Every structure is written in C-alpha cells, then in structure tokens.
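Okay, so the sequence shown: first residue is 12 according to this note's numbering, each after it adds one. The C-beta atom is built at its ideal place from N, Cα and C for all residues, glycine as well. Just so we're clear, the structure is a prediction, and the values are computed from it rather than from any experiment.
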Amino acid sequence: MKNIVLFGPPGAGKGTQAAFLKERYQLIHISTGDVFRFNIKNNTTLGILAKSYMDKGDLVPDKVTIDMLKAEVDKNLNTNGIIFDGFPRTNSQATALDAFLASKGTQINAMIALEVPENLLVERLLKRGLTSGRPDDQDEEKIRNRFNEYQNKTAVLVDYYTAQNKYYGVNGVGSIQEITDRLCAVFDTL
Ligand code: AMP
C-alpha cells in the first residue's frame, strides 16, 4: 500500500485534490471531517458529540477521533493505498496512526502538504460557505478559530514527518489541474 497524509490548513484544497488522486491511483479517501459530517447528518451519538466542537471550529477530542479513524481504516485495508485527509491533526493522532498502521503491516509513505497563504484561505472558505452548507465555513470568527487550532496543534506535524524524511511541500496556489499535476509528480516518486 502507498498511504499518504494530504496536509494543509483549512481551505488548502485537500478534499478537492483527494478526489482527483483517488481516481487516478485507485486509492481510498478517508476524510475525518466528512465522516463526522455524515454522523451529524444521521444524528448518531458520535455526530452529536462532534458537532459541539465542530460548530465552534474546535478540534474534536483525540480519543473519539482516533477510534473512529481506526474503524475506517479497518474497513479499507484491501486497497492500493489510503489518502488521509484531515487526519492526523495532533501529535498524538500522528503517533497513534503510525502504531496502528504498523500493526497492520503498512505505513505512511509521505505527508504531502498544500502550501497556501492565509489571506487566500479565508477568501476560499467564505466562498465555499455560500454553497457547502457548513456552519464552520460561514463565519469569519469560526474560520479564524480553525486557523488557531491549526497553528497551535496541527502545524507541528510538519516537524513530525520531516523527522521521518516523509515531508513534501507543494505549492497550493494555481488552477486545480496545476495543483493536481504537482501532487502527482510527488506521488509518482513514492
Ligand atoms: P475538515 O472537514 O477537515 O475541515 O474538518 C472539519 C472539522 O471536523 C474540524 O474543524 C474539526 O472540528 C473536526 N475534525 C476533522 N478532523 C479532525 C481531526 N483529525 N481531529 C480533530 N477534529 C477533527
């Protein structure tokens, strides 16, 4: 399996690009945000819990997020690889993911990070909020809080994967196709 963490701040384009990579390389795409939103829509216990954090732009606690992620991976081990989108977002999520994948005889091959300046991100998220129906995309204060969470808890993961020689930064500004091409150029070397 070739497994990648598709990384970047909110609005970097992870979901959009994951959809293309998934098609091209026949991968499974696991977005923890999407799984939470599915649970919210279906009013599950997990959804109700997650919503109380997501609506404010806070991260959902590690334990529930990690348990949910493991269950998703378990369902999808028979594949060319997995694109992790929106996970890991904290150091303990990253260490839990490494240990879990190792126990399944596989690993993360690369963290590919979409690099986009913050002013462009806010613009993209507010624009997405007009059609996504996501409450966390519609309010600039919530968006700012998501960036704070990213800076305080998630950005350190660049060091985590750099230390394992697995970090690849990609320019996330340009047309969707240009960015897909940049990501594929990295993926093809793995
Ligand atoms: P996303 O769709 O990746 O932008 O995630 C939307 C929201 O879901 C985040 O703002 C968090 O509240 C929650 N979430 C998604 N993934 C995680 C994660 N790995 N850890 C904690 N919270 C998460």
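Task: Proximal residues to K25 (C-beta, below 7 Å), its chain only, five neighbours per side dropped - done: As a first step, residue 25 must be located in the sequence shown, where it is residue number 14. Answer for K25: L17, G19, D96, G97 and L125, listed in chain order.
- [ ] Could you tell me the boundaries of the alpha helix (DSSP H) in which L17 lies?
- [x] Your numbering for residue 17 matches position 6 in the sequence shown. That residue, L17, is in no alpha helix (DSSP H); its beta strand (DSSP E) goes N14 to F18.
Open item on the list: So the candidates are P146, K74, N87 and V127; which of them puts its Cα closest to the Cα of V105?
Closed with: Here residue 105 refers to the residue found at position 94 of the sequence shown. Reading off the sequence shown, one finds Ala at residue 105, where the question assumed Val. Here the closest residue by C-alpha is K74.
TODO: Please name the residue in L57, I123 and S63 whose C-alpha comes closest to that of T200.
DONE: Numbered from 1 along the sequence shown, position 189 holds the residue referred to as residue 200. It is I123.
Open item on the list: In this structure, how does DSSP classify A113 when only helix, strand and coil are distinguished?
Closed with: Numbered from its first residue, the sequence shown carries residue 113 at position 102. Helix, per DSSP.
Open item on the list: With a threshold of 7 Å (Cβ to nearest heavy atom), would D122 be considered close to ligand 1?
Closed with: Here residue 122 corresponds to residue number 111 of the sequence shown, with the count starting at 1. For the sequence presented, residue 122 should be read as Met rather than Asp. No, Cβ of M122 sits at least 7 Å from all heavy atoms of ligand 1.
Open item on the list: ligand 1 and L17: does the residue's C-beta get closer than 7 Å to at least one heavy atom of that ligand?
Closed with: Within the sequence shown, the letter at position 6 stands for residue 17. Result no, Cβ not under 7 Å from ligand 1.
Open item on the list: Going by beta-carbon coordinates alone, are I41 and I93 separated by less than 8 Å?
Closed with: One-based indexing of the sequence shown puts residue 41 at position 30. One-based indexing of the sequence shown puts residue 93 at position 82. Yes; because the gap between Cβ atoms is below 8 Å, this pair is in contact.
Open item on the list: Short of 7 Å in beta carbon distance, which residues of its chain neighbour T202, apart from the five on each side in sequence? Order them along the chain.
Closed with: The question about residue 202 has no answer, for the chain in this structure spans 12 to 201.
Task: Host alpha helix (DSSP H) of N156 (start-end) - done: Locating residue 156 in the sequence shown gives position 145, where the first residue counts as 1. Run containing N156: E151 to E160, per the alpha helix (DSSP H) assignment.
Open item on the list: Given the structure, does P21 come close to ligand 1, in the sense that its CB is under 7 Å from one of the ligand's heavy atoms?
Closed with: Mapped onto the sequence shown, residue 21 falls at position 10. It does: the Cβ of P21 is within 7 Å (strictly closer) of some heavy atom of ligand 1.
- [ ] Report all residues from its chain with a CB closer than 6 Å to the CB of L57; omit the five preceding and five following residues, and keep chain order.
- [x] Mapped onto the sequence shown, residue 57 falls at position 46. Only N50 meet the Cβ criterion.
Open item on the list: Relative to the C-alpha of P72, which candidate in V169, K153, I187 and S103 has its C-alpha closest?
Closed with: By one-based count along the sequence shown, residue 72 stands at place 61. Per the Cα distances, S103.
Task: Rounded C-alpha distance that separates D148 from R157 - done: Mapped onto the sequence shown, residue 148 falls at position 137. Mapped onto the sequence shown, residue 157 falls at position 146. For the pair D148 and R157, the Cα-to-Cα distance works out to about 10 Å.
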